[in-house]
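Okay, so the sequence shown: first residue is 523 according to my numbering, each after it adds one. Idealized CB from N, CA, C, for every residue including glycine.
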Amino acid sequence: MKKDDTKQKKQKEMFTEQLKKTPIVQIVCERLEIGRTTYYRWKRQDVKFSEECNKAMEEGCALINDIAESQLISAMKDNNLTAVMYWLNHRHNIYKNKLEVTTKISDGKLSPEQEADINKAEKLLMPNSDSGEKRGQNAKKKIK
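This is the structure in C-alpha cells:
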C-alpha cells in the first residue's frame, strides 16, 4: 500500500469519526482541512466510505437529537412554558395542531372544484395510499 493511500485511509477514518460527533460536512471538512469537493469525490468513488459516512451521519444526528431533547427537558424542569408547549404539541396527540374542514352543500352534489379539493386533501393526508379516489368517491356517496 502506498503512503498516499494510507494517509487517505486515515483521513477517511477520521472523517467518519468526526461525523459521528458533528454531523455537518462543512464543519468536519474545516476541522480536518479537507475540501468539500474532496469529500464528495471520495463518497462518489468509494462505496464503502459513502456507506460509513451515511451511518456516521445518522449516529451524529441521533446524538444531536439526544442533546436537544435533554436541553428541552431541562427547560421544562425550569418551568419554561414555551418548552412545555413545544413538547406537548410535538409529542402528545391531544395537543397537536389539527385541521378542521367544514362546508355547506346546498344540492347534495359537489362541484368539480370541490371534488378536486377533496382528492388533493386526501393525497396530502395519505400520500402513500393508492385508494384516495375510492375514499373520495365513498365520501361523495355519504354526502348524497
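Within its own chain, the residues whose Cβ lies closer than 7 Å to the Cβ of Arg553, once the five positions on either side in sequence are excluded, are Gln540, listed in chain order. A direct Cα-Cα distance of roughly 30 Å separates Trp609 from Lys642.
The criterion of a C-beta distance shorter than 8 Å is satisfied by Gln533 and Ile556.
Thr538 sits buried, since 16 or more C-beta atoms from the chains shown fall within 10 Å of its C-beta. Close CB contacts of Glu637 within its chain, under the 6 Å cut and outside five residues either way in sequence, are absent. If you draw a 10 Å sphere on the C-beta of Gly582, you find 16 or more other C-beta atoms in it, and that means buried. Sequence-distant Cβ neighbours of Val547 in its own chain, meaning closer than 7 Å and more than five residues away, are Arg558, Tyr561.
Within its own chain, the residues whose Cβ lies closer than 7 Å to the Cβ of Ala597, once the five positions on either side in sequence are excluded, are Ala605, listed in chain order. In the structure shown, Glu535 adopts helical secondary structure according to DSSP, grouped into three states. Counted as a single uninterrupted DSSP element, the alpha helix (DSSP H) harbouring Glu637 occupies residues 634-647.
With fewer than 16 other beta carbons inside 10 angstroms of its own, Ile616 counts as exposed.
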